[in-house]
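*Asks:* Have a look at this one.
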Amino acid sequence: MEEGQEAHWEVVQRILFIYAKLNPGQGYVQGMNEIVGPIYYVMASDPDLSNRAHAEADCFFCFTALMSEIRDFFIKTLDDAEGGIKCMMSRLSNMLKSKDISIYNHLKSQELHPQYYSFRWINLLLSQEFPLPDVLRIWDSIFSDEKRFDFLIKICCSMILIQRDAILENDFASNVKLLQNYPPIDINVLLTHAVSLA
Numbered sequence: 001m002e003e004g005q006e007a008h009w010e011v012v013q014r015i016l017f018i019y020a021k022l023n024p025g026q027g028y029v030q031g032m033n034e035i036v037g038p039i040y041y042v043m044a045s046d047p048d049l050s051n052r053a054h055a056e057a058d059c060f061f062c063f064t065a066l067m068s069e070i071r072d073f074f075i076k077t078l079d080d081a082e083g084g085i086k087c088m089m090s091r092l093s094n095m096l097k098s099k100d101i102s103i104y105n106h107l108k109s110q111e112l113h114p115q116y117y118s119f120r121w122i123n124l125l126l127s128q129e130f131p132l133p134d135v136l137r138i139w140d141s142i143f144s145d146e147k148r149f150d151f152l153i154k155i156c157c158s159m160i161l162i163q164r165d166a167i168l169e170n171d172f173a174s175n176v177k178l179l180q181n182y183p184p185i186d187i188n189v190l191l192t193h194a195v196s197l198a
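See the structure below:
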């Protein structure tokens, strides 16, 4: 690292610190670093060096704008709101029930509740489930859709439907492992499947 330059983690840490100070009602919640990371990566990797010089400010702006849309995921008191995490997991469960009752019933009979796997999926916008280039493709798809979080639910539902055969054969422990450690997949296949869900 050149003299006078900061490590990327220091910039991300500062963004999160300032965000928490400006939003004391919310503060820092575990997982926010997983949201800011991909945003900062995109800004700090801009091929235009003049844009890269403003990566921290641009990242802070984008992170703040995104958090204004997903803050209900991170604040327990807002969790019963229309966009809270419980609501989103319920929407995923209902979509799965309507698309494939066999998988839905199998997971229900195993008492494998959506919060065991989809809490992290939804809360972190799938940033922990896939390699960074795939996360960026997923986020491009989500953010370009006016009903962005409807599409996030479709992606999550597709993740389950694509693993149909394995899920129906697996026991509880194997299904937890499968869904909490999602196997590698061609991201185009996943996104195409999600688009096909009406």
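Counting along the sequence shown from 1, when you hit position 67 you're at 67 in the UniProt record's numbering, and nothing is skipped either side.
Here a beta-carbon is modelled for each residue, glycine too, at the ideal position from N, C-alpha and C.
Remember, predicted model here, so these are calculated numbers, not experimental data.
Specify the secondary structure class of residue 143 as computed by DSSP and reduced to three states.
*Replies:* Residue state, collapsed to three classes: helix.
*Asks:* Using 10 angstroms around the beta-carbon of residue 183, count the other beta-carbons present and answer buried if the total reaches 16, otherwise exposed.
*Replies:* Result: exposed.
*Asks:* Can you tell me the Cα-Cα spacing of residue 31 and residue 196, whole angstroms?
*Replies:* Between residue 31 and residue 196, the C-alpha separation is close to 30 Å.
*Asks:* Can you tell me where the alpha helix (DSSP H) with residue 122 in it begins and where it stops?
*Replies:* 118-123 is the span of the alpha helix (DSSP H), which, as asked, contains residue 122.
*Asks:* So, with DSSP's three-state summary, where would you put residue 170?
*Replies:* Of the three classes helix, strand and coil, the one that applies to residue 170 here is coil, per DSSP.
*Asks:* Alpha helix (DSSP H) containing residue 13: first to last residue?
*Replies:* Here the alpha helix (DSSP H) through residue 13 covers 8-22.
*Asks:* Nearest by alpha-carbon distance to residue 17: which of 52, 144, 28 is it?
*Replies:* For residue 17, the nearest C-alpha among the options comes from 28.
*Asks:* If you reduce the DSSP assignment to three classes, tell me which class residue 151 lands in.
*Replies:* If DSSP states are grouped into helix, strand and coil, residue 151 belongs with the helices.
*Asks:* What number of angstroms, rounded off, separates the C-alpha of residue 149 from the C-alpha of residue 142?
*Replies:* Taking the straight line joining both Cα atoms gives about 7 Å.
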